[in-house]
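Everything below concerns the one structure shown next.
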Amino acid sequence: MVFQTRYPSWIILCYIWLLRFAHTGEAQAAKEVLLLDSKAQQTELEWISSPPNGWEEISGLDENYTPIRTYQVCQVMEPNQNNWLRTNWISKGNAQRIFVELKFTLRDCNSLPGVLGTCKETFNLYYYETDYDTGRNIRENLYVKIDTIAADESFTQGDLGERKMKLNTEVREIGPLSKKGFYLAFQDVGACIALVSVKVYYKKCWSIIENLAIFPDTVTGSEFSSLVEVRGTCVSSAEEEAENAPRMHCSAEGEWLVPIGKCICKAGYQQKGDTCEPCGRGFYKSSSQDLQCSRCPTHSFSDKEGSSRCECEDGYYRAPSDPPYVACTRPPSAPQNLIFNINQTTVSLEWSPPADNGGRNDVTYRILCKRCSWEQGECVPCGSNIGYMPQQTGLEDNYVTVMDLLAHANYTFEVEAVNGVSDLSRSQRLFAAVSITTGQAAPSQVSGVMKERVLQRSVELSWQEPEHPNGVITEYEIKYYEKDQRERTYSTVKTKSTSASINNLKPGTVYVFQIRAFTAAGYGNYSPRLDVATLEEATATAVSSEQNPVIIIAVVAVAGTIILVFMVFGFIIGRRHCGYSKADQEGDEELYFHCTKTYIDPETYEDPNRAVHQFAKELDASCIKIERVIGAGEFGEVCSGRLKLPGKRDVAVAIKTLKVGYTEKQRRDFLCEASIMGQFDHPNVVHLEGVVTRGKPVMIVIEFMENGALDAFLRKHDGQFTVIQLVGMLRGIAAGMRYLADMGYVHRDLAARNILVNSNLVCKVSDFGLSRVIEDDPEAVYTTTGGKIPVRWTAPEAIQYRKFTSASDVWSYGIVMWEVMSYGERPYWDMSNQDVGVTFI
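According to mature numbering (1 follows the signal peptide of the UniProt record, and there is no 0), the residues represented by the sequence shown are -27 to -1, 1 to 814, in order.
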């Protein structure tokens, strides 16, 4: 490697070593978009140095003969150094949050003799936002300081020979930015630095296709915790699922989170990978809700690609109510073996089913009646005066009775079998027919039935002759029965006159009477029903129905005594194992009865899945609808949605998902919280609805708390609650913690951030995984020899000896009381975690 420089040989050796080290660095991550990479620059960088004799650009070739540029400065002998180095103007595009990665080495001042008081071991990083290139002048007062950069590893001259030096890498963020571009500037105040590379980039989520929806390249949000919601565009021949538009969220790290909603292939198309391809000839797909194309049903075809239905062959039809997957069918053939039986003016018809039902199971029958003249043989429809039993059309059985025909008349009856496509067919009707001649008609119905005399054991009736006797009436038949017997047992009396006396009846009983006439043609129809009540007999001395009041009182007293004994006994037994607690609901107390159980640690199970399935209900993923992403946790995303179980109304829920690519340990830790929550049942402890372990993603489903975490809720509504309301919140938290203590469970991380609030201001204890809280909230932890703990909320003995008990939870509750009454203020204000820990230890 060849260099031309005015710097000492030890700096050149250091620089050569750093170039080789930098050459082995990792490649640019795919989710990063480079704005500047000085190491990749093949020409001189030509950055602005002020003063000119400060920072110096060094050029050379690495072992692969690739040109490399770097800047260095080492004016440690002179005091009050102020050496500035400014990059060229950097266009940021549409990025709002910029990352700056610096790789550098720095010499230890102790290894340089005679520089005490003038040598420094840090340098400063600045930026200046502007819409355009402002030229080569550096106006220091316009620049905003990003940070003071210090080296994790510094070197001495002796390190060069041993090759132990390490390259320092520091990453800083800038943002949010609002102008078109910016400058970076480096200020040296008297250090010996070699700036090996400067890389400027931003992160984005690259375009993907998920659930048949295209999500374009998306730049991350301006804040670390921000999620950018993106609505997908369906691929060709796809459409959005009803009320479930495809959406995804781009995280601050350039990763797409759990997809919500989806696109589905339109009718006539099926999914193949990330596209929708048309159904082939002979196949169809009638609805976008169907997954795959299906072969055309029997007697149907599709002669083009992308068909949504198959057409029927000639002579075959599909009824309007038939779904597309049903085979095309045809009308049935005519009924077979039609026979008849004539009884005066009544005809009974009977037949056998058709030999061919047309491929359908909805065959019914209809009857067409025609009356024909004697002379010319012309026939006309029978009209509406005749009756059919059970009916004329829609017959499911293969028989019918036709009544009220004219006597001595010619009739033709046609019996047609029909099915769902008979009315669509244009072919000739197929039916069975028979012609008959009726005989003499029976008399018409008797009218004018009246009661003439009613006694205790007899009734006298009278009536009028039928309006159409149709012959000589030879007798009348009277049918009667007790009304409460409902004609199950009836008696008859016959007479030749239009009046009669019915004897041997029961006193005080209601009877039903009906009368019909008889001629040589047979009996006519019965008259309408007539109800008659016989007279009561003399009433005997009524037996007193009153009961002895002494007996009644005695019975009631004995029964009450027995009930009281059982209640007392049950209360005593119940008090041995059960207890009462008070849950706070909207500021009012609600007595809550509970039987105390003992908490079982899921870690005691050799198989964690057994613990999950013992304490948590397994849910069907199809019952869960994810609506939106509301946050991100250690293991994955947190979403809100709806849970609809069979036979129940849907409820709002929160859904914790396990991210893709999890390890078995992550899955076990994730489900451990569900194994804990599933053991609790209290109105002030967050309720577990269930888990999904047999599908992807793995999910924990809990009740949805509309107002979120208590600390953020209080800060948002600072000063808006009464003292009574605040105390009510604390009472609810205390009730939940007492329940957990009774079960033998130690929370270890009781804090306002781990209390959730619903729409009725009911506070519920949540978050039963201490490790997750610690990792997610580094500001709340304190490092001890035993690990990290939330020091501001933890009892002194737990800090010093790692001893957590219900008593340490009580200490934490005291801190929560302070948080609530101060509307979410940070405990101990601005004291450092170290100071808080030392104060109590």
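All C-beta atoms, glycine included, are put in the ideal place defined by N, C-alpha and C. Owing to the predicted nature of the structure, the values given are computational and were not obtained by experimental measurement.
Got a sec? Which residues, its chain only, sit under 8 Å from leucine 699 by beta carbon, not counting five neighbours each side?
Numbered from its first residue, the sequence shown carries residue 699 at position 726. For leucine 699, where only same-chain residues beyond five positions count, the Cβ hits under 8 Å are Val793, Met794.
With 16 as the cutoff for other CB atoms within 10 Å, does phenylalanine 197 come out buried or exposed?
As a working note, residue 197 is residue 224 in the sequence shown. Flag for phenylalanine 197 reads exposed.
CA-to-CA distance, serine 613 to valine 674, given in whole angstroms
Looking up residue 674 in the sequence shown gives position 701. Looking up residue 613 in the sequence shown gives position 640. Computed Cα separation, rounded: 9 Å.
Would you kindly work out how many angstroms separate the C-alpha atoms of tyrosine 44 and isoleucine 63, rounded to a whole number?
On the sequence shown, residue 44 is found 71 positions in, with the first residue counted as 1. On the sequence shown, residue 63 is found 90 positions in, with the first residue counted as 1. Approximately 18 Å, taken between the alpha carbons.
In or out: aspartate 782 buried (at least 16 other Cβ within 10 Å) or exposed?
The residue you call residue 782 lines up with position 809 of the sequence shown. It is buried - the Cβ of aspartate 782 has at least 16 other Cβ atoms within 10 Å.
DSSP beta-bridge partners for cysteine 165?
Translated into positions along the sequence shown, residue 165 becomes position 192. Its beta-bridge partners are Cys47.
Indicate whether the contact test is met: 3 or more Cβ pairs, each with one atom in the segment 446 to 463 and one in the segment 402 to 411, closer than 8 Å.
no
Using alpha carbons as the reference points, say which of Thr447, Val353, Gln437, Val336 lies closest to lysine 343.
The sequence position of residue 343 within the sequence shown is 370, counting from 1. Among Thr447, Val353, Gln437, Val336, the Cα nearest to that of lysine 343 is on Val353.
Delimiting residues of the alpha helix (DSSP H) encompassing valine 700
On the sequence shown, position 727 is the one that residue 700 refers to. 696 to 715 is the extent of the alpha helix (DSSP H) around valine 700.
Could you name the residues that DSSP lists as bridge partners for valine 485?
Within the sequence shown, the letter at position 512 stands for residue 485. DSSP lists Tyr454, Asp504 as partners of valine 485.
What are the residues that DSSP puts in a beta bridge with glycine 154?
The residue you call residue 154 lines up with position 181 of the sequence shown. Note: glycine 154 sits in a beta bridge opposite Ser64, Thr103.
Along the chain, where does the beta strand (DSSP E) that runs through methionine 221 open and close?
Position 248 of the sequence shown, counting from 1, holds the residue named residue 221. Here the beta strand (DSSP E) through methionine 221 covers 220 to 223.
Return the first residue and the last residue of the alpha helix (DSSP H) that serine 785 is part of.
By 1-based counting over the sequence shown, the position of residue 785 is 812. Taken as a continuous stretch (DSSP letters only), the alpha helix (DSSP H) holding serine 785 covers 779 to 794.
Can you name, in chain order, every residue of its own chain whose Cβ lies under 8 Å from the Cβ of serine 436, other than the five neighbours on each side?
By 1-based counting over the sequence shown, the position of residue 436 is 463. Note on identity: in this sequence residue 436 is tryptophan, with serine being the wrong assignment. So the qualifying residues of the chain are Val419, Ser420, Gly421, Val422, Met423, Tyr449, Thr471, Ser472, Ile488, Ser500.
Can you grab the Cα-Cα spacing for the pair valine 658 / proline 581, in whole Å?
As a first step, residue 658 is located in the sequence shown; it is residue number 685 there, counting from the start. As a first step, residue 581 is located in the sequence shown; it is residue number 608 there, counting from the start. Computed Cα separation, rounded: 23 Å.
When the Cβ atoms of the segment 245 to 261 are set against those of the segment 272 to 279, are three or more pairs found closer than 8 Å?
yes
Shortest alpha-carbon distance to arginine 461 belongs to which of Tyr484, Asn476, Ile475, Val445?
Working through the sequence shown from its first residue, we reach residue 461 at position 488. Measuring from the Cα of arginine 461, the nearest candidate turns out to be Tyr484.
Judging by CA-CA distance, which residue of Gln15, Lys118, Leu140, Glu113 is the nearest neighbour of alanine 124?
Sequence index remark: in the sequence shown, residue 124 carries index 151 (1-based). Among Gln15, Lys118, Leu140, Glu113, the Cα nearest to that of alanine 124 is on Leu140.
Starting from the Cα of tyrosine 463, find the closest Cα among Leu478, His720, Ser474 and give me that residue.
Translated into the one-based positions of the sequence shown, residue 463 becomes position 490. The candidate whose alpha carbon is nearest that of tyrosine 463 is Leu478.
Between the CA atoms of glutamine 48 and glycine 90 - distance to the nearest angstrom
Along the sequence shown, read from residue 1 onward, the residue named residue 90 stands at position 117. Along the sequence shown, read from residue 1 onward, the residue named residue 48 stands at position 75. For glycine 90 and glutamine 48, the distance between alpha carbons rounds to 13 Å.
Identify the continuous alpha helix (DSSP H) that holds phenylalanine 588 and give its terminal residues.
Here residue 588 is taken as the residue at index 615 of the sequence shown, counted from 1. Looking at the DSSP string, the run of the alpha helix (DSSP H) that includes phenylalanine 588 is 581 to 588.
Three or more C-beta pairs closer than 8 Å, one from the segment 722 to 741 and one from the segment 692 to 710: is that the case here?
yes
Assign methionine 362 to one of two classes, buried (16 or more other C-beta atoms within 10 Å of its C-beta) or exposed (fewer than that).
Counted from its first residue, the sequence shown places residue 362 at position 389. Classification of methionine 362: exposed, given that the 10 Å Cβ count is below 16.
Which residues bound the beta strand (DSSP E) around proline 354?
On the sequence shown, position 381 is the one that residue 354 refers to. From DSSP, the beta strand (DSSP E) with proline 354 extends over 352 to 354.
Just the Cα atoms here: how many angstroms apart are isoleucine 524 and arginine 459?
The residue given as residue 524 occupies position 551 in the sequence shown. The residue given as residue 459 occupies position 486 in the sequence shown. Note on isoleucine 524: pLDDT 39, under 50, position unreliable in the model; no value is reported.
Roughly how many angstroms separate the alpha carbons of alanine 68 and valine 809, rounded to a whole number?
Taking the sequence shown and counting its residues from 1, one reaches residue 68 at position 95. Taking the sequence shown and counting its residues from 1, one reaches residue 809 at position 836. Distance between the alpha carbons of alanine 68 and valine 809: 40 Å.
Just how far apart, CA to CA, sit tyrosine 786 and alanine 724?
The residue you call residue 786 lines up with position 813 of the sequence shown. The residue you call residue 724 lines up with position 751 of the sequence shown. The alpha-carbon atoms of tyrosine 786 and alanine 724 are separated by roughly 7 Å.
Residue range of the alpha helix (DSSP H) that includes alanine 405:
The residue labelled residue 405 in the question sits at position 432 within the sequence shown. Run containing alanine 405: none in the alpha helix (DSSP H); it sits in the beta strand (DSSP E), 404 to 410.
DSSP three-state label for glutamine 69, please.
Start at 1 with the first residue of the sequence shown, and residue 69 comes out as number 96. Three-state DSSP puts glutamine 69 in coil, outside helix and strand.
Opening and closing residue of the beta strand (DSSP E) in which isoleucine 772 lies
Position 799 of the sequence shown holds residue 772. Unbroken run through isoleucine 772 is the alpha helix (DSSP H), 769 to 774; no beta strand (DSSP E).
Nearest-angstrom Cβ-Cβ length linking threonine 60 and leucine 8, presumed shorter than 8 Å:
Position 87 of the sequence shown, counting from 1, holds the residue named residue 60. Position 35 of the sequence shown, counting from 1, holds the residue named residue 8. The pair is not a contact, with the Cβ atoms about 10 Å apart (cut-off 8 Å).
Go ahead and label histidine 381 buried or exposed: buried means 16 or more other beta carbons lie within 10 angstroms of its beta carbon, across all protein chains shown.
On the sequence shown, residue 381 is found 408 positions in, with the first residue counted as 1. It is exposed - the Cβ of histidine 381 has fewer than 16 other Cβ atoms within 10 Å.
Does DSSP classify isoleucine 524 as helix, strand or coil?
Looking up residue 524 in the sequence shown gives position 551. The predicted position of isoleucine 524 is uncertain, since its pLDDT is 39 and thus under 50; a value taken from the coordinates is nonetheless stated next. The answer is helix: DSSP assigns isoleucine 524 an H, G or I state.
Whole angstroms are fine: how far does the CA of tryptophan 802 sit from the CA of aspartate 104?
The residue labelled residue 104 in the question sits at position 131 within the sequence shown. The residue labelled residue 802 in the question sits at position 829 within the sequence shown. Cα to Cα, the separation comes out at about 40 Å.
Straight-line gap, glutamine 611 to phenylalanine 653 (C-alpha atoms, nearest Å)
Here residue 611 is taken as the residue at index 638 of the sequence shown, counted from 1. Here residue 653 is taken as the residue at index 680 of the sequence shown, counted from 1. Note on identity: in this sequence residue 611 is valine, with glutamine being the wrong assignment. Going from the Cα of valine 611 to the Cα of phenylalanine 653 covers about 21 Å.
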